[in-house]
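*Asks:*
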Amino acid sequence: MQYKIKAWIAHNKLNSILILLSLALLIFIKLSTTYFMYLGGLENRFNFVPLLWISFFPFILGLYAISLFFLLVYYMTNKSKSLSWKKISFSALPLLILLLIIPSMLIGKSGVHYFLRGYEKWVEKEFDVPAIRQWLTSLPVEYSEKTYHNIEDYPENLPKSITKLKPQYIYLGDFNEGRYVEFQWGGGFSHWGIRIGMEDMETPNIIGFVKITEDAQELRRPIEPGVYVFIRE
Numbered sequence: 013m014q015y016k017i018k019a020w021i022a023h024n025k026l027n028s029i030l031i032l033l034s035l036a037l038l039i040f041i042k043l044s045t046t047y048f049m050y051l052g053g054l055e056n057r058f059n060f061v062p063l064l065w066i067s068f069f070p071f072i073l074g075l076y077a078i079s080l081f082f083l084l085v086y087y088m089t090n091k092s093k094s095l096s097w098k099k100i101s102f103s104a105l106p107l108l109i110l111l112l113i114i115p116s117m118l119i120g121k122s123g124v125h126y127f128l129r130g131y132e133k134w135v136e137k138e139f140d141v142p143a144i145r146q147w148l149t150s151l152p153v154e155y156s157e158k159t160y161h162n163i164e165d166y167p168e169n170l171p172k173s174i175t176k177l178k179p180q181y182i183y184l185g186d187f188n189e190g191r192y193v194e195f196q197w198g199g200g201f202s203h204w205g206i207r208i209g210m211e212d213m214e215t216p217n218i219i220g221f222v223k224i225t226e227d228a229q230e231l232r233r234p235i236e237p238g239v240y241v242f243i244r245e
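Printed below as a string of structure tokens:
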């Protein structure tokens with residue numbers, strides 16, 4: 013059996029190399045995507061490197077498709093006995109591997125989880141939760157359910173514990189249901205941020221997705237009672 017495998021590889025060296033290179037490339041892309049997503053969360057910014065990887069794959073798929081096309085043309089025009097359909101089918105394996113594995117590796121939700129892990133580290137380093145809670149309890153009821161698109165829109169001077177964070181959005185919840193504030197960042201692809209309330213605020217016990225509207229959901233990651241981070245899609 014071992015001899016047959018070696019002989020098979022020896023007769024299909026080029027295709028074997030292509031398959032091994034494809035698998036190595038996919039592993040590299042998976043690891044680097046995971047790293048860059050984590051790094052983006054760690055620095056509180058969206059990292060575009062994974063998107064560049066995703067946009068690079070159609071180019072690779074195109075090269076495989078063109079190669080297979082010319083291989084078929086060569087077979088049909090030359091009627092070469094040395095070139096069998098078996099070899100052509102095997103040549104298509106790298107293309108099929110990419111088509112089958114890429115969606116599960118890059119379109120899945122794992123990258124979002126790693127982003128939140130990094131973001132949690134940033135939150136623990138930069139946020140002064142007691143100071144923000146003290147500010148939150150001092151707000152008059154008129155601020156209930158208010159949204160501000162940046163700190164410059166806020167009508168009063170914000171404490172340094174908030175201004176240093178430079179949030180893109182500040183949302184204050186309904187004070188009648190319990191005071192909390194959301195600080196958000198992000199844009200067209202997704203929004204991420206943190207919700208801070210009192211210690212008795214409902215906080216997720218586990219990491220998971222929660223449907224918030226018919227068209228949107230968010231992944232929540234608890235930090236402590238009354239505090240959790242999220243990424244909204």
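If you read the sequence shown in the numbering used here, its first letter stands for residue 13, the second for the next number, and so on. The C-beta atom is built at its ideal place from N, Cα and C for all residues, glycine as well. Computed from a prediction, not measured in an experiment: that's the story for all the values here.
Thinking just about the alpha-carbon of each residue, which of Trp134, Lys133, Phe242, Ile144 is nearest to the one in Pro171?
*Replies:* To locate residue 171, count along the sequence shown from 1; it is residue 159. Of the candidates Trp134, Lys133, Phe242, Ile144, the one whose C-alpha sits nearest the C-alpha of Pro171 is Ile144.
*Asks:* Between Glu245, Thr175, Ser173, Glu236, which lies nearest to Glu226 when the distance is taken from Cα to Cα?
*Replies:* Walking along the sequence shown from the start, residue 226 turns up at place 214. Closest by alpha carbon: Glu245.
*Asks:* If you count every other CB in all the chains shown that lies within 10 Å of the CB of Lys42, and 16 or more means buried, which is it?
*Replies:* Reading the sequence shown from its first residue, position 30 is the one you call residue 42. Lys42 comes out buried.
*Asks:* For Thr159, I'd like the list of residues in its chain whose CB is within less than 6 Å of its CB, leaving aside the five on either flank, ordered along the chain.
*Replies:* Reading the sequence shown from its first residue, position 147 is the one you call residue 159. Once the five neighbours on either side are set aside, the close Cβ partners of Thr159 are Tyr183.
*Asks:* Quick check: what's the CA-CA separation for Val241 versus Arg191?
*Replies:* Indexing the sequence shown from 1 puts residue 241 at position 229. Indexing the sequence shown from 1 puts residue 191 at position 179. Cα to Cα, the separation comes out at about 17 Å.
*Asks:* What does the alpha-carbon distance come out to for the pair Phe195 and Phe40?
*Replies:* Locating residue 195 in the sequence shown gives position 183, counting from the first residue. Locating residue 40 in the sequence shown gives position 28, counting from the first residue. Roughly 34 Å separates the two Cα atoms.
*Asks:* Answer with buried or exposed for Glu211, where buried requires no fewer than 16 other C-beta atoms within 10 angstroms of its C-beta.
*Replies:* Position 199 of the sequence shown, counting from 1, holds the residue named residue 211. Its Cβ having fewer than 16 others within 10 Å, Glu211 is exposed.
*Asks:* Once DSSP output is grouped into helix, strand and coil, what is the label at Lys207?
*Replies:* Taking the sequence shown and counting its residues from 1, one reaches residue 207 at position 195. Sequence check: residue 207 is Arg here, not Lys. DSSP places Arg207 in strand when its eight states are reduced to three.
*Asks:* Which residues mark the beginning and the end of the alpha helix (DSSP H) in which Gln229 is found?
*Replies:* Within the sequence shown, residue 229 is the residue found at index 217, counting from 1. Where Gln229 is concerned, there is no enclosing alpha helix (DSSP H), although the beta strand (DSSP E) it sits in stretches over 229-236.
*Asks:* So, helix, strand or coil for Leu184, using DSSP?
*Replies:* Within the sequence shown, residue 184 is the residue found at index 172, counting from 1. If DSSP states are grouped into helix, strand and coil, Leu184 belongs with the strands.
*Asks:* Just the C-alpha distance for Gly199 and Met49, rounded to the nearest angstrom, thanks.
*Replies:* As a first step, residue 199 must be located in the sequence shown, where it is residue number 187. As a first step, residue 49 must be located in the sequence shown, where it is residue number 37. Rounded to the nearest angstrom, the two C-alpha atoms are 16 Å apart.
*Asks:* Beta-carbon within less than 7 Å of Gly52's beta-carbon, same chain only, minus the 5 sequence neighbours each way: which residues are those?
*Replies:* Looking up residue 52 in the sequence shown gives position 40. Same-chain partners within the cutoff: Phe58, Asn59, Phe127, Gly130.
*Asks:* When you compare each of Gly220, Val193, Glu164 to Tyr155 by their alpha carbons, which one comes out closest?
*Replies:* On the sequence shown, residue 155 is found 143 positions in, with the first residue counted as 1. For the residues Gly220, Val193, Glu164, the minimum Cα distance to Tyr155 belongs to Val193.
*Asks:* Measure the alpha-carbon distance for Ile235 versus Glu132 and round it to whole angstroms.
*Replies:* Along the sequence shown, one-based indexing puts residue 235 at 223. Along the sequence shown, one-based indexing puts residue 132 at 120. Straight-line Cα distance between these residues: approximately 7 Å.
*Asks:* Give every residue of the same chain whose Cβ lies closer than 7 Å to the Cβ of Leu54, excluding the five residues on either side of it in the sequence, and list them in chain order.
*Replies:* Reading the sequence shown from its first residue, position 42 is the one you call residue 54. If we look at Leu54 and ignore the five residues flanking it on each side, its Cβ neighbours are Gly130, Lys133, Trp134.
*Asks:* Enumerate in chain order the residues of its own chain whose CB-to-CB distance from Arg224 is below 8 Å, with the five nearest sequence positions on each side excluded.
*Replies:* For this step, residue 224 is matched to residue 212 along the sequence shown. A small fix is needed here, since residue 224 is Ile in this sequence, not Arg. Result list for Ile224: Glu230, Arg244, in chain order.
*Asks:* Excluding the five sequence neighbours on either side, which residues of its own chain have a C-beta within less than 6 Å of the C-beta of Ile249, listed in chain order?
*Replies:* This structure gives no information on residue 249, because the portion of the chain shown stretches from 13 to 245.
*Asks:* Roughly how many angstroms lie between the CA atoms of Glu214 and Val239, to the nearest whole one?
*Replies:* Counting from 1 along the sequence shown, the entry for residue 214 is found at position 202. Counting from 1 along the sequence shown, the entry for residue 239 is found at position 227. The alpha-carbon atoms of Glu214 and Val239 are separated by roughly 9 Å.
*Asks:* Pro179: buried (16+ other C-beta within 10 angstroms of its C-beta) or exposed?
*Replies:* The residue you call residue 179 lines up with position 167 of the sequence shown. Buried, because 16 or more other Cβ atoms sit within 10 Å of the Cβ of Pro179.
*Asks:* With respect to the alpha helix (DSSP H) encompassing Arg145, which residues constitute its N-terminal and C-terminal limits?
*Replies:* In the sequence shown, residue 145 corresponds to position 133, counting from 1. Per DSSP, Arg145 belongs to the alpha helix (DSSP H) from 141-150.
*Asks:* Quick check on Thr251: does DSSP put it in helix, strand or coil?
*Replies:* Here the chain covers residues 13 to 245 and nothing more, so residue 251 does not appear.
*Asks:* Tell me the DSSP bridge mates of Ile243?
*Replies:* Within the sequence shown, numbered from 1, the residue matching residue 243 stands at position 231. Trp204, Leu231, per the DSSP bridge assignment.
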